[in-house]
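What follows is a set of notes on a single structure, which appears directly below.
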Amino acid sequence: MRSKPRILVVDDEEIIRLGCQRILNEEHYEVLTAENGKVALALVKERSPDLMLVDLLMPELGGMEVLEKVHQHDKNIVTIVITGYATIESAVEAVKKGAFDYLPKPFGPEELRAVVLRGLERRRLLLETERLRRERERNLLELAAERSRTATIIHSMGEGLLVVNRQRQVVLLNPVAQKILHLHEAQVVGKPVEGHLAEKQLEDFIISALTHEEPRPILSRKEIPLERRPQEVLAATLSPILSEKGEMLGVVVVLRDITDQKRVERSKSDFVRMVAHELKAPLGAIEGYLNLLIDGMVKDDPAREREIIVRCRDRAEALLGLIRDLLDLSAIEAGKVAQEMQPIEISSILQEVVEMMNGEARARNVSMELRAASRLPKVVADREDLMRVFTNLVSNAIKYNRPGGRVSVAAHQENSHVVVEVTDTGFGIPPEEQSRIFDEFYRVKNEHTRNICGTGLGLAIAKRIVESHRGYIEVQSRPEEGSTFAVHLPMFKA
Amino acid sequence: MQEPAKILIVDDDPDYVEITRSILESKGYRVDTAHSKAEAEQKLAASRPDLIILDIIMDRMNDGFKLCYQLKHDPQTRTIPVFAISSVNQVTGFTFSPQTDGEYFEADDFAEKPIKADELLKRVEVLLRKK
Chain A
1 MRSKPRILVV
11 DDEEIIRLGC
21 QRILNEEHYE
31 VLTAENGKVA
41 LALVKERSPD
51 LMLVDLLMPE
61 LGGMEVLEKV
71 HQHDKNIVTI
81 VITGYATIES
91 AVEAVKKGAF
101 DYLPKPFGPE
111 ELRAVVLRGL
121 ERRRLLLETE
131 RLRRERERNL
141 LELAAERSRT
151 ATIIHSMGEG
161 LLVVNRQRQV
171 VLLNPVAQKI
181 LHLHEAQVVG
191 KPVEGHLAEK
201 QLEDFIISAL
211 THEEPRPILS
221 RKEIPLERRP
231 QEVLAATLSP
241 ILSEKGEMLG
251 VVVVLRDITD
261 QKRVERSKSD
271 FVRMVAHELK
281 APLGAIEGYL
291 NLLIDGMVKD
301 DPAREREIIV
311 RCRDRAEALL
321 GLIRDLLDLS
331 AIEAGKVAQE
341 MQPIEISSIL
351 QEVVEMMNGE
361 ARARNVSMEL
371 RAASRLPKVV
381 ADREDLMRVF
391 TNLVSNAIKY
401 NRPGGRVSVA
411 AHQENSHVVV
421 EVTDTGFGIP
431 PEEQSRIFDE
441 FYRVKNEHTR
451 NICGTGLGLA
461 IAKRIVESHR
471 GYIEVQSRPE
481 EGSTFAVHLP
491 MFKA
Chain B
495 MQEPAKILIV
505 DDDPDYVEIT
515 RSILESKGYR
525 VDTAHSKAEA
535 EQKLAASRPD
545 LIILDIIMDR
555 MNDGFKLCYQ
565 LKHDPQTRTI
575 PVFAISSVNQ
585 VTGFTFSPQT
595 DGEYFEADDF
605 AEKPIKADEL
615 LKRVEVLLRK
625 K
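Laid out in structure tokens, this is it:
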């Protein structure tokens, strides 16, 4: 209500209007007057008075009708009926139409002041009630919006969320949790946690937190392999919900599917183990040979001694090669190799590789040929990288060949790719092992390969290099007939 | 005079075979070698050694296990002591041992690679004495 209450006096008798106005002005109210109902209604609409004194008997529009209409416009306006023909019936009717009080004429200034004061108090209370009602409505709206926002956040979480109350009932399960646990909300919400999550370890984990003797606001985390799908692993992070007094109210469980992470961790540790083993084998051999010399076990045989020293040197060289390969592999994996990509005529690289490997081929009595289609499109590549790939493939083709065998290197265009094929007439690769030869450290082990040195990393590195050039490598092989490794590289489009 | 004991080394690592052979020969043992399960089977068909030193991972991951099983389930060969020397634990990440896995791997002794010369000779001697 405004600081200076506004009062409308409606009466067809001017003397009453003026009298009321004078008395009320003295009380520092703002007073408006209207000589009939019509004018009164217009003023109500225009000036919104706080209180209205209204005569019942007026020409044109009577007081009762004014009361009705004015309350339709402002239900909180306080109306006080003034009339010279006061009857019980008219008083009752006026109250029914929303009048707050009834003041029979003639009335004195004191009576008027008193009834207006009461009326204005009534007005203040009505407005306060209205304000509170609006505030409550606004709060409810905000609460509803807040709830919907929270629900949206919980529904959009990338992690599974599960809330269990102290009665051990599931109270919330977001969609990710439903997916991870393969459960539907309706199956579990409101149900006891025991036996309803279908994962005993998870249920036990939650129950143990709920029944902890001294509840503390501490997060606990556990990795839980799923019973129903043992390949999958969950990370469950559990935090107790405590009251201000520290009583346990329930627990919030955040679930994350860490199956892929565990798989990566496993393959990393497998890789480390393989590396350790591959490093240990040559070092063990060198140590064993050195001990033979130190312990004098071959001391009367100089030729054998020399043989052993040469063998130690060969294993040390192989060890260094392995370490170099490992460093290269890790650099390629980490994307740290500075590639100098440029359009390259691939046949010049192949020519160089074949010339470089000729000595080794002759030493093993293997013939080599290079057949590259004329006017081969260029590829965008790092020269050193491609040298490395083709040297590895040609070197393998010579090593895994037979005396009198042949290695042919051919290049041609196939759709949008340049394809280089390195073919040998060697022992071939057993079909069941073909899919694994690009794995790190995988080496085909049989009587043919026993005395061939290698790190088991060459093809793994070649594959990564080719893939870093947006190409791919594949193998076709028949045991006892030979193998063809084909490298497909996208051709350069100017 | 008693003939020196004959030992068959079965291992696909040529250097390891050479080193073991030299150690054993330095003590006067007669040594024969095989680089695969198949080669070992051929050698065993031709003559019976007094002891077999056996690698586990050869051409196949479980060649050593298989060969040992065959030897220990064949009345002709079951009494030949088998000394398994392998890096199977390092490669596979298993924690294999005859104490826990003796039920299906009945080797008479087991050592991790590499094994020192004096340790090898000591254990070979024990196995031969037991025979």
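Protein chains in written order, with our numbering: chain A, 1 to 494; chain B, 495 to 625. Every residue gets a Cβ at the ideal spot worked out from N, C-alpha and C, and that includes glycine. Predicted, not measured: the structure shown is a model, and the values here were computed from it.
task = Find the residues of chain B that neighbour Leu292 of chain A, judging by a C-beta separation of less than 9 Å, and give them in chain order.
result = If you number the first sequence from 1, residue 292 of chain A lands on position 292. Per Cβ cutoff of 9 Å: Glu512, Ile513, Ser516, Ile517, Ser520, Ala611.
message = Is there a Cβ of chain B sitting closer than 8 Å to that of Tyr289 of chain A, yes or no?
response = Taking the first residue of the first sequence as 1, we reach residue 289 of chain A at position 289. Taking Cβ atoms only, chain B reaches closer than 8 Å to Tyr289 of chain A, which makes this a yes.
request  = Output, in sequence order along the chain, the residues in the stretch 441 to 473 of chain A whose CB is closer than 8 Å to any CB in chain B.
outcome  = Along the stretch 441 to 473 of chain A, going in chain order, the ones with a CB nearer than 8 Å to a CB of chain B are Lys445, Asn446, Glu447, Arg450, Asn451.
request  = Use the C-beta contact count for Pro106 of chain A: other C-beta atoms within 10 angstroms, 16 or more gives buried, fewer gives exposed.
outcome  = The residue labelled residue 106 of chain A in the question sits at position 106 within the first sequence. The residue is exposed, with fewer than 16 neighbouring Cβ atoms inside 10 Å.
request  = Compute every distance between the C-beta of Arg123 of chain A and the non-hydrogen atoms of the ligand ADP, then say whether any falls below 7 Å.
outcome  = In the structure on display, the ligand ADP does not appear, and there are no ligands present to speak of.
key: chain B contact residues for Arg315 of chain A, given Cβ-Cβ distances below 7 Å   = Residue 315 of chain A sits at position 315 when you count from the first residue of the first sequence. Asp509, listed in chain order.
task = Please look up how many angstroms separate the CB atoms of Arg113 of chain A and Ile23 of chain A, rounded, as I've assumed it's under 8 Å.
result = Position 113 of the first sequence, counted from the first residue, corresponds to residue 113 of chain A. Position 23 of the first sequence, counted from the first residue, corresponds to residue 23 of chain A. Between Ile23 of chain A and Arg113 of chain A the Cβ distance is about 7 Å, and since that is below 8 Å, they are a contact.
inquiry  = Quick check: the Cα distance between Leu161 of chain A and Glu480 of chain A, rounded to an integer number of angstroms?
reply    = Here residue 161 of chain A refers to the residue found at position 161 of the first sequence. Here residue 480 of chain A refers to the residue found at position 480 of the first sequence. Going from the Cα of Leu161 of chain A to the Cα of Glu480 of chain A covers about 58 Å.
request  = Report the residue from A:Ala177, A:Glu213, A:Ile218, A:Ala209 whose alpha carbon sits nearest the alpha carbon of Ala198 of chain A.
outcome  = To locate residue 198 of chain A, count along the first sequence from 1; it is residue 198. Minimum Cα distance to Ala198 of chain A is reached at A:Ala177.
query = Do we get a CB-CB distance below 8 Å when we pair Asp506 of chain B with the residues of chain A?
reply = Taking the first residue of the second sequence as position 1, residue 506 of chain B is located at position 12. Yes, Asp506 of chain B lies at the interface with chain A (some Cβ there is under 8 Å from its Cβ).
ask   = Out of curiosity, what's the CA-to-CA distance linking His182 of chain A and Ile206 of chain A?
value = As a first step, residue 182 of chain A must be located in the first sequence, where it is residue number 182. As a first step, residue 206 of chain A must be located in the first sequence, where it is residue number 206. C-alpha separation (whole angstroms): 18 Å.
request  = With DSSP as the reference, label Leu622 of chain B as helix, strand or coil.
outcome  = Sequence index remark: in the second sequence, residue 622 of chain B carries index 128 (1-based). Helix at Leu622 of chain B.
ask   = If the cut is a Cβ gap below 7 Å, which residues of chain B does Asp295 of chain A touch?
value = In the first sequence, counting from the first residue as 1, residue 295 of chain A sits at position 295. The contacting residues are Ala611.
ask   = Roughly how many whole angstroms lie between the Cα atoms of Val189 of chain A and Arg138 of chain A?
value = The residue labelled residue 189 of chain A in the question sits at position 189 within the first sequence. The residue labelled residue 138 of chain A in the question sits at position 138 within the first sequence. Spanning the two alpha carbons is a distance of roughly 31 Å.
query = Given that a residue counts as buried once 16 or more other Cβ atoms are within 10 Å of its Cβ, and exposed if not, what is Arg266 of chain A?
reply = Along the first sequence, read from residue 1 onward, the residue named residue 266 of chain A stands at position 266. Result: exposed.
ask   = Counting contacts by CB-CB distance shorter than 8 Å, is Arg311 of chain A in contact with chain B?
value = To locate residue 311 of chain A, count along the first sequence from 1; it is residue 311. Chain B, which has a Cβ nearer than 8 Å to the Cβ of Arg311 of chain A, makes this yes.
query = Tell me the DSSP bridge mates of Arg222 of chain A?
reply = Locating residue 222 of chain A in the first sequence gives position 222, counting from the first residue. With the sequence shown as reference, residue 222 of chain A is identified as Lys, and Arg is not the correct amino acid for it. Paired residues: A:Ala236.
ask   = Using DSSP with H/G/I as helix, E/B as strand and the rest coil, what is Gln342 of chain A?
value = As a working mapping, residue 342 of chain A is identified with position 342 in the first sequence. Assigned with DSSP and collapsed to three states, Gln342 of chain A falls in strand.
ask   = How about Leu376 of chain A and Ala411 of chain A: are their beta carbons less than 8 Å apart?
value = Mapped onto the first sequence, residue 376 of chain A falls at position 376. Mapped onto the first sequence, residue 411 of chain A falls at position 411. A contact, by the Cβ cut-off of 8 Å.
inquiry  = If the criterion is Cβ atoms closer than 8 Å, does the pair Glu60 of chain A and Lys97 of chain A meet it?
reply    = As a working mapping, residue 60 of chain A is identified with position 60 in the first sequence. As a working mapping, residue 97 of chain A is identified with position 97 in the first sequence. With contacts defined as CB atoms closer than 8 Å, Glu60 of chain A and Lys97 of chain A fail to qualify as a contacting pair.
ask   = Are there 16 or more other CB atoms within 10 angstroms of the CB of His529 of chain B, so buried, or fewer, so exposed?
value = Residue mapping note: residue 529 of chain B aligns to position 35 of the second sequence, counting from 1. That one is buried.
query = Any beta-carbon of chain A closer than 8 Å to the one on His567 of chain B?
reply = Taking the second sequence and counting its residues from 1, one reaches residue 567 of chain B at position 73. By this cut-off, His567 of chain B is not an interface position.
task = Find the residues of chain A that neighbour Ser530 of chain B, judging by a C-beta separation of less than 7 Å, and give them in chain order.
result = The count along the second sequence starts at 1 and reaches residue 530 of chain B at position 36. Within chain A, the residues near Ser530 of chain B are Glu447.
request  = Would you list the residues sitting across from Pro490 of chain A in a DSSP beta bridge?
outcome  = On the first sequence, position 490 is the one that residue 490 of chain A refers to. Beta-bridge pairing links Pro490 of chain A to A:His417.
key: Cα-Cα separation between Glu369 of chain A and Gly405 of chain A, rounded to whole angstroms   = Taking the first residue of the first sequence as 1, we reach residue 369 of chain A at position 369. Taking the first residue of the first sequence as 1, we reach residue 405 of chain A at position 405. Taking the CA atoms as reference points, Glu369 of chain A sits about 12 Å from Gly405 of chain A.
ask   = Per DSSP, what kind of secondary structure is Lys604 of chain B in: helix, strand or coil?
value = For this step, residue 604 of chain B is matched to residue 110 along the second sequence. It is worth fixing the name first, because residue 604 of chain B is Phe in this sequence and not Lys. Of the three classes helix, strand and coil, the one that applies to Phe604 of chain B here is strand, per DSSP.
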